[in-house]
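**Student:** Would you mind keeping the following structure in view while I ask a few things?
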Amino acid sequence: MRVNTLKRVAVAFALALPGAAIATVVAAPAAHADGCYTWNRTLTQGRSGEDVRQLQIRVAGWAAYRDIVRIDGRYGPETAAAVKRFQSAYGLRADGIAGPQTFAKIYELQDNDCTPKHFSYTELDNGCGTGGFSGGPLSASATRENAIRTMWKLEALRHGLGDKALPVSSGFRGTACNRQVDGASDSQHLYGDAADLTPRTVSLCQVARAARSHGFSGIFGPGYPDHSDQVHVDSRRENNRDKTSNTTYWSAPNCGVGNN
Ligand code: ZN
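Anchor point for the sequence shown: position 214 equals 295 in the working numbering, and the numbering is continuous, going up by one each time.
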């Protein structure tokens, strides 16, 4: 990703500047350049705004057991608690205040296309081979944003498990694709909010159990029908789409994972 990152930064500068300046700019180090999003102030409880919302997306996977972080642009106790857990997971001073150290760690984890380091759009996009994020009930851009949120939670889950790879066998599924694979008609996969994980270096049960402390309100794994070879995780609770999905639903009976 490094080469790609520098190339993109160089191209962005080149487009903004007259030809003569290009050589100099390309040679200069890109100090705090971030191709996705840059925070310009320290954030703490009581703050609100787009910068808080962007932070929430990136720390939502550090919600405490059974908790979720609402992506509402308001820095409340849920956000502060998640920031604290993020900081402690990455060896930073855990004060729940998002300052330069916290943002530096996020930049380190973040690719220029806004996906976290260990996950990519191609892993999460339309599962039936057509690619992209269109063909579902939401717009492609809304679906893509949901996929980004899912990926940041997966990045947290991955780190929480000790940096174990979490291959995704199915992410977003458009309506036709979902039908093709016999997915539930109200599947969270339709919205870009779900991922099916097929880990090889940790057990399915370890993943299902850990997902409870990484912001996932939907978890299905071993013991749930058709989930003996995968763990499904989703974010049904914060999405508020309908009465049946707006709640925590965990079921991996063989792993001791249930709603209670
Ligand atoms: Zn699934």
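All C-beta atoms, glycine included, are put in the ideal place defined by N, C-alpha and C.
Would the beta-carbon of A246 fall within 8 Å of that of P280?
**Tutor:** Taking 8 Å as the Cβ cut-off, A246 and P280 qualify as a contacting pair.
**Student:** Identify every residue that forms a DSSP beta bridge with H313.
**Tutor:** Paired residues: D277 and F301.
**Student:** Are the region 210-221 and the region 135-151 touching, with three or more C-beta to C-beta distances below 8 Å?
**Tutor:** These segments do not touch.
**Student:** Helix, strand or coil for A141? Go by DSSP, reduced to three states.
**Tutor:** Helix, per DSSP.
**Student:** Please state whether DSSP places S332 in a helix, a strand or coil.
**Tutor:** If DSSP states are grouped into helix, strand and coil, S332 belongs with the strands.
**Student:** Does DSSP classify A104 as helix, strand or coil?
**Tutor:** Low confidence applies here, because A104 scores a pLDDT of 43, under 50, leaving its location unreliable; read the following figure in that light. Here A104 sits in helix by DSSP.
**Student:** Given 7 Å as the limit, tell me if H240 has its C-beta closer than that to any heavy atom belonging to the ligand ZN.
**Tutor:** No, Cβ of H240 sits at least 7 Å from all heavy atoms of the ligand ZN.
**Student:** Between P248, K198, G208 and T125, which lies nearest to H270 when the distance is taken from Cα to Cα?
**Tutor:** Per the Cα distances, G208.
**Student:** I believe R318 touches I152 by the beta-carbon criterion, under 8 Å. Please report the beta-carbon distance rounded to the nearest angstrom.
**Tutor:** Contact doesn't hold; Cβ gap of about 12 Å is too wide.
**Student:** Could you give the C-beta distance for G264 and A228, rounded to a whole number, given that I count them as a contact under 8 Å?
**Tutor:** The pair is not a contact, with the Cβ atoms about 16 Å apart (cut-off 8 Å).
**Student:** For the beta strand (DSSP E) holding S250, just list the boundary residues, first then last.
**Tutor:** Its beta strand (DSSP E) spans residues V249 to S251.
**Student:** Tell me, please, which residues DSSP counts as bridged to S129.
**Tutor:** Its beta-bridge partners are R155.
**Student:** Taking only three categories from DSSP, how would you classify P181?
**Tutor:** Looking at P181 - three-state DSSP - the assignment turns out to be helix.
**Student:** Ordered along the chain, which non-local residues of its own chain (more than five positions away) have a Cβ less than 8 Å from that of T256?
**Tutor:** Excluding positions up to five away in sequence, the list reads G216, G217, P218 and L271.
**Student:** Using the Cα positions of D307 and D115, report the straight-line distance between them to the nearest angstrom.
**Tutor:** Going from the Cα of D307 to the Cα of D115 covers about 41 Å.
**Student:** Tell me the residue span of the alpha helix (DSSP H) that contains N341.
**Tutor:** Unbroken run through N341: none, as it is neither H nor E.
**Student:** Report the CB separation of A296 from C336 in whole angstroms; it is logged as a contact under 8 Å.
**Tutor:** Before going further, note that residue 296 is Gly rather than Ala in the sequence given. The pair is not a contact, with the Cβ atoms about 18 Å apart (cut-off 8 Å).
**Student:** Give the C-beta separation of G273 and T224 to the nearest angstrom, bearing in mind that I take them to be a contact with Cβ-Cβ under 8 Å.
**Tutor:** Right, their Cβ atoms sit about 4 Å apart.
**Student:** Say yes only if the C-beta of A275 is nearer than 7 Å to one or more non-hydrogen atoms of the ligand SAM, and no if none qualify.
**Tutor:** The model depicted lacks the ligand SAM and carries the ligand ZN instead.
**Student:** Please report how far the alpha carbon of A109 lies from the alpha carbon of G130, in whole angstroms.
**Tutor:** Because A109 sits at a pLDDT of 43, beneath the cut-off of 50, its placement in the model cannot be relied upon, and the following sentence gives the value as read from the coordinates. Answer to the nearest angstrom: the Cα atoms are 32 Å apart.
**Student:** Tell whether a beta-carbon distance below 8 Å holds between G339 and S294.
**Tutor:** No, the Cβ-Cβ distance between G339 and S294 is not below 8 Å.
**Student:** For L124, does the three-state DSSP call read helix, strand or coil?
**Tutor:** The answer is strand: DSSP assigns L124 an E or B state.
**Student:** Nearest to P248 by CA position, among V283, A162 and T123, is which residue?
**Tutor:** Checked all of V283, A162 and T123; the closest Cα to P248 is V283.
**Student:** Tell me the residue span of the alpha helix (DSSP H) that contains S222.
**Tutor:** A221 to G241 is the span of the alpha helix (DSSP H), which, as asked, contains S222.
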